[in-house]
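A.B. asks:
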C-alpha cells in the first residue's frame, strides 16, 4: 500500500483551509477533494482514516460522507474521467446517445474504467449548462454541444497522445 | 402547566416539550420509529405525523407535522386519529413495506416489532410494490449482535446511538436514496460493551441479539422489573423469563441510574440464574468427611447441637459475606452474630469500584461509560453502610483469622479465591456456608445451606451512588432451597434468641425503625425507580 | 429576438465585458457596498430590501428582506450568510452565467447582506463539479481582498468580512438550504427538521441565512437605484426581473432576463426562438425538474411565482424546459424519477421508498407493460410523497410525477401492455 498522508506543502494548504471554518470537520468536503486530487482522482485505502484524523472526526463519519456524495471515488478512475449528463433536458437532447456512443467506443459500461486506465465513464445528473446540451465533462472541463464525431476525434487524439 | 388538546383530550406539557413526548407521557400512543427519548431527534421516519387543526391561534397547519419534532403549544389542537393523520400513518407504513421482506414468521422481533404492530394498527399491512426488492445478506456485527438489513426501516437510531451515546460510531450511515444503509463498515464487528442497546433500540428485527436467536417468541415472556447485580451501578432491568428460565435481560428506564441503557456484561449475567447443574439444591452436612443431604430440620438440629458443643462466643465467631448479599441479609447476618454470639466480626471484601471503560475521543456525553464499574457486585455501598468490616487488602480479616476462630458463617462466596483465607478458615470447628452455586467454600464447609439467587429473592441493594434499589423475585426457587434472610433468621432462632425478621420486607422495616442508614424508611418507600439515601425524591420517568 | 430587460445581466450583455473587479467598478460596481458601509445602518438595509419586494430566486420565492429580518440581533454567537450557488435543479444554469461572467455583482450583494445581518463570514457553496465557477469566484474574492473591499476594517468603517468558497461534492439535495448547511459542516447533506430554522440555528448552530446567487445579484441594484425602482418592475408581489434558463427543444436555448410576469409563451417563442426544426410543441416544464409539466394550451400565462402557482405548477428556479412533438412524455417521466431517485438523501421514508417504487413503475411503462391501474397507482404513490417529508424534495417529486400522469394520460396509454 502506498504511503497515506499529505506532503508538507499540501498540509499547509489544508491548514489554511481549516482557518476558514469554525471547526476542522467543517472542511471535510474540501479536504477530501484535495485528497482525491493528490491521488489521481480517487481515495485509496487508508485515506478515509487519515482524513478523519486530520479533520478530528470519526472514521464512519468520513465514510458516510464519501458514500453520500457522487464525486468521491473509492476505486480508481481513468486518466480521463468522463461524465455525461443524461438528466432532463440533456437526456432528451442527445445525452443518452452520447453515453451509449461512449460506452460503445470505450468498450465499458458507465461506472467502469478502461483496462488501460485511460478512460472512466460516469452517467451523471445535471451539470448546469442545459442550454448547451448534450454535455460531456472530462475531468474539470465541460465540453458543450458535443457531437458523436467530436467524441470520436477526441478519443482518437487522447489515445494517440498516450501512445 | 399549559395544555394542548390531543384527539380532543387536554394534555399537559412543559414549555418546549414536543407533542409526541407529552402524548407518550400522558399515555397516548402516537406511532413512531426514529424517535427515541435518549437520542437526537431527526424526524425522518415520518410515522408520527399528526394533523394540527389549530396552532393555538385559530389557524391550522396545511401539512401533516411530525409530532416528535413539533413543540406543543398552548391550546394547540392536534389529532393523531383524524382521517388525514391516518392517511399519513398508513402511507408511511405502506412505503416501509415496499422493500421489507415480511418475514415475521422467522423474525425474532415478531411480537415486539413496531413495524408489525403499526402495520396492524395503522396500515393495510401489505404493499402493492410488485418489483424486485432491495436484498442484503445477514451477518453477525458483534459478539452480541446480528444484522438483517432487509428488515431495516432506516430510522437511524443505531447510528445516533453509536455516534452520540457510545461515540464509537461503528454503525454508520452509508450511501443514500433507497440504498441508504445503516451498517458497520465492510465486515467489521462492533467490540464495545454496549451492543445490546442496539438490539433494544432497533424498532424492527434488523438488529437482534445473537444469544436470543430462535430461542423464544417474545410474547411468551414474563417480565419482572428488578436490578442488575453484575456491578455496583445497579442498572434497572427487566428479567424476561418463561417456564422458570430467564431468556434475556433488558434495561428498564431510570433517569437517575442508567437512563435507557445497560452494558453487555450485565445482559450476559443471567445464565447463572438458569444454572441447575452447579446449583446447591439441598441442605447438606459433612458426615465422616463427606457432604450428605439431609432435611432442613435435621440439619438445623445438628447445627444447634454442634454450636452448643463448641460453645464459641465473641471474637471466636466470625461471619464472612460477599457484597452480593442484600441489605436485609446483611442486617440479619449481623444480628445473628451479635445477638447469637456477642460477636461483631462480620467481614466483607471491600473492593471500591472505578469506571472500567474509557470513552473514545469526540464523544461529548460520556454518561454510558460510567455504567460499568470494576466492582462486580451490587452492594458494596450497603456493606459499608451496614458497618461491616472490610478493607482492600483484607488485612483486618487476616488479622482476625490469626486468632483461630472456632465458628465461621459464610454467606455467598466472599474471599473464595484467597487460598490463605481458605486455609485459615478451614481450621475452624464449624463452618456453615450459605450459597446458591457449588463453590470452594462448599468443599470446606461442615454445613451447606442452599439459598436463593437474585432472580428468586426479594431485597434491596445500595448502589455506588447510594441509591437504594429493590430486586424482585422473577423465578420460583427450587424446592429445598430457602431465602437467605430466612436461613439466617432461623439460625438465630436455633440459639433460642429473640426471633429475627424472617423476610426481606420484615428485615427492611426493622432497619427502618433503628438508627442506621435506612432509619425512617419503609419497604413500600422503595419504588420501582429506587430511592436515593438522603431523602431526594425518586426520579421521574420520561416518555 | 425580443429585447431583454437588463438589470442583472447588463454587464454580461455588454460586449467586451471581462467581469474582473476593474471592469465591474468601471460599470458602476462596488458603489452600493461603499454606500452601505459608509452611510447605512444594517436595519436600514433590511428595510430597503423589504420595500423592494425582492423574492428569493432559488425556488421557493420567499421574500428576501423578510428572511434577513429573521436574523436575531447581534450576540456572542457569530452570524453567517451562506450563498446558495449549488444550482443543481435540472434545467437551471443562470447562476453559472452570473458566477462565470460577472461574479462581483452577486458578491457585492452578498457582502451587503453580510453587513445587514451582522455577519462577518460568508460562505459560497458551489457544486463541486463546477471547477470553473469555483475558480472564477475565488479569483473574484481574491481581487476583493486585494482591493481591501474584503478583510478587516473595510474602507476604514470598522467592519470585518471574510468570504469563503466551499465546494460541494455532487448531491442535488445540497441545494436545499439545511442540507447545504450540513454539507458546509462536513456532513452528509441531509435536510434538517425545522424548527429550529436556520435564522435561529444554522451553520455551526449559529444564526444563518441562505440566499441564492441571483437573489443576491439584485441587491446592489436595489441599493443603488432604490427599492421603488426595483418594485416598479414586474407585477405586484413579484417585483424585479428574472433570469430565466430556457433549454430543451428550442431554437435558441439560453438565459434570458425579463421582467417578472413576462408571458411564458413569449419567452419560448419570442426569446428562445420557438421550437427548433419548426416542430410543434408538446410540453413545457416551467420551473426545473421539480415543477409540474404544462400542456401547450396552458402556457399563455405570466411567468412569475404567483401565476405559476395558480396554474398548479411553480416557477421554481426559473428553468423552462421545452419539449417538442417527438418527445415521449413517459420517457420524460422516467428521466425525472430516475433523477429524483438518484438524488433522494434517503432519510425520510416516503421519499426514499417512494422514489424507488415510482422509478420501477415508470420503467414498467417504458417496457410497454403498463395499464390503467398502474397509472393510478403511480399517481397515488406520487401523491403520498407530497408534503410528508422533512424538506421540499418530497413535493418536488410528487408535483411533477402526478402532473405527468394527469396531464398526459394518452402518452402513458401508448405504453400499456398490448
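Residue numbers (our numbering), protein chains in the order written: chain A, 122 to 284; chain B, 1480 to 2022; chain C, 37 to 454. Backbone N, C-alpha and C define an ideal beta-carbon position, used for all residues, glycine too.
So with Cβ pairs under 8 Å, would you call residue 264 of chain A a contact of chain C?
C.D. replies: So no, residue 264 of chain A is outside the interface.
A.B. asks: Following the continuous alpha helix (DSSP H) through residue 416 of chain C, name the residue where it begins and the one where it ends.
C.D. replies: Start and end: 408–421.
A.B. asks: If we define contact as Cβ-Cβ less than 8 Å, is residue 190 of chain A a contact residue for chain C?
C.D. replies: For residue 190 of chain A, the answer is yes, since a Cβ of chain C falls inside 8 Å of its Cβ.
A.B. asks: Look up residue 1829 of chain B in the DSSP assignment and say whether it is helix, strand or coil.
C.D. replies: Coil.
A.B. asks: Could you list the residues in the segment 1582–1616 of chain B with a C-beta less than 9 Å from some C-beta on chain C, going in chain order?
C.D. replies: Of all residues in the segment 1582–1616 of chain B, 1606, 1607, 1608, 1609, 1610, 1611, 1613 have a Cβ within less than 9 Å of some Cβ in chain C.
A.B. asks: Taking the alpha-carbon positions, what's the residue 388 of chain C to residue 339 of chain C distance?
C.D. replies: Rounded to whole angstroms, residue 388 of chain C to residue 339 of chain C spans 32 Å at the Cα level.
A.B. asks: Are residue 85 of chain C and residue 151 of chain C close, meaning C-beta to C-beta below 8 Å?
C.D. replies: In this structure, residue 151 of chain C does not lie closer than 8 Å to residue 85 of chain C by Cβ.
A.B. asks: Starting from the beta carbon of residue 383 of chain C, find every residue of chain B whose beta carbon is closer than 8 Å, and list them in chain order.
C.D. replies: By Cβ distance, chain B contributes 1521, 1523, 1633, 1635, 1659.
A.B. asks: Using a Cβ-Cβ cut-off of 8 Å, state whether residue 130 of chain A counts as contacting chain C.
C.D. replies: Not closer than 8 Å to any Cβ of chain C, the Cβ of residue 130 of chain A fails to qualify, so no.
A.B. asks: What residues of chain C sit near residue 144 of chain A, judged by a beta carbon separation below 9 Å?
C.D. replies: Residues of chain C passing the Cβ test: 221, 222, 240.
A.B. asks: Could you pull the start and end residues of the alpha helix (DSSP H) that residue 186 of chain A belongs to?
C.D. replies: Residues 180–189.
A.B. asks: For residue 1514 of chain B, does the count of other Cβ atoms within 10 angstroms reach 16, so buried, or fall short, so exposed?
C.D. replies: Buried, by the Cβ-count rule.
A.B. asks: State the CB to CB distance for the pair residue 1587 of chain B and residue 1691 of chain B, rounded to an integer number of angstroms; the pair is presumed to be in contact (CB under 8 Å).
C.D. replies: That belief holds up - the Cβ atoms of residue 1587 of chain B and residue 1691 of chain B are roughly 6 Å apart, short of 8 Å.
A.B. asks: Within a Cβ cutoff of 8 Å, which residues of the same chain sit near residue 269 of chain A, ignoring the five residues on either side of it in sequence?
C.D. replies: Within the same chain, residue 269 of chain A has close Cβ partners 218, 219, 222.
A.B. asks: If you draw a straight line from the alpha carbon of residue 1835 of chain B to that of residue 1743 of chain B, how long is it in whole angstroms?
C.D. replies: Each residue's Cα considered, the two are about 13 Å apart.
A.B. asks: With a threshold of 8 Å, are at least 3 pairs of Cβ atoms found where one atom belongs to the segment 1968–1976 of chain B and the other to the segment 1809–1816 of chain B?
C.D. replies: Result yes; three or more Cβ-Cβ pairs closer than 8 Å.
A.B. asks: What residue range is occupied by the uninterrupted alpha helix (DSSP H) comprising residue 173 of chain C?
C.D. replies: Run containing residue 173 of chain C: 167–182, per the alpha helix (DSSP H) assignment.
A.B. asks: Does chain A have any CB closer than 8 Å to the CB of residue 1829 of chain B?
C.D. replies: With 8 Å as the cut-off, residue 1829 of chain B does not count as an interface residue toward chain A.
A.B. asks: Going by the beta-carbon positions, is the gap between residue 171 of chain A and residue 126 of chain A smaller than 8 Å?
C.D. replies: Yes, Cβ-Cβ distance for residue 171 of chain A and residue 126 of chain A is below 8 Å.
A.B. asks: Using only alpha-carbon positions, find the residue among C:301, C:436, C:309, C:322 that is nearest to residue 372 of chain C.
C.D. replies: Out of C:301, C:436, C:309, C:322, C:436 has the C-alpha closest to the C-alpha of residue 372 of chain C.
A.B. asks: Could you check whether the segment 1826–1842 of chain B touches the segment 1861–1875 of chain B, counting it as contact only if at least three pairs of C-beta atoms, one from each stretch, sit closer than 8 Å?
C.D. replies: Yes, they touch.
A.B. asks: Is residue 1662 of chain B helix, strand or coil when you go by DSSP?
C.D. replies: Residue 1662 of chain B: strand per DSSP, three-state reduction.
A.B. asks: Check whether the Cβ atoms of residue 1953 of chain B and residue 1718 of chain B sit closer than 8 Å, and answer yes or no.
C.D. replies: Yes; because the gap between Cβ atoms is below 8 Å, this pair is in contact.
A.B. asks: Anything in chain C within Cβ reach of residue 258 of chain A, meaning under 8 Å, just list it in chain order.
C.D. replies: 165, listed in chain order.
A.B. asks: Of all the CB atoms in chain A, is at least one closer than 8 Å to the CB of residue 253 of chain C?
C.D. replies: False, the Cβ-Cβ gap to chain A never drops below 8 Å.
A.B. asks: In the DSSP assignment, the alpha helix (DSSP H) including residue 140 of chain C goes from what residue to what residue?
C.D. replies: First-last of the alpha helix (DSSP H) with residue 140 of chain C: 139–152.
A.B. asks: Is the Cβ of residue 186 of chain A closer than 8 Å to any Cβ of chain C?
C.D. replies: So, interface residue.
A.B. asks: Rounded to a whole number of angstroms, what is the C-alpha to C-alpha distance between residue 298 of chain C and residue 64 of chain C?
C.D. replies: Computed Cα separation, rounded: 27 Å.
A.B. asks: At a Cβ threshold of 8 Å, is residue 252 of chain A touching chain C?
C.D. replies: Closer than 8 Å: yes.
A.B. asks: Under the three-state reduction of DSSP, which class applies to residue 167 of chain A: helix, strand or coil?
C.D. replies: Coil.
A.B. asks: Ordered along the chain, which non-local residues of its own chain (more than five positions away) have a Cβ less than 6 Å from that of residue 301 of chain C?
C.D. replies: Contacts found: 335, 336.
A.B. asks: Using a Cβ distance threshold of 8 Å, determine whether the segment 1692–1709 of chain B contacts the segment 1644–1662 of chain B, with at least three qualifying pairs required.
C.D. replies: Touching, no, given that fewer than three Cβ pairs across the two stretches are closer than 8 Å.
A.B. asks: Kindly indicate the opening and closing residues of the beta strand (DSSP E) around residue 88 of chain C.
C.D. replies: Here residue 88 of chain C belongs to no beta strand (DSSP E); instead the alpha helix (DSSP H) covers 78–88.
A.B. asks: Could you give the residue range of the beta strand (DSSP E) that holds residue 1724 of chain B?
C.D. replies: Element bounds for residue 1724 of chain B: 1724–1730.
A.B. asks: Which residues bound the alpha helix (DSSP H) around residue 397 of chain C?
C.D. replies: Here the alpha helix (DSSP H) through residue 397 of chain C covers 385–402.
A.B. asks: Using DSSP with H/G/I as helix, E/B as strand and the rest coil, what is residue 197 of chain A?
C.D. replies: DSSP places residue 197 of chain A in coil when its eight states are reduced to three.
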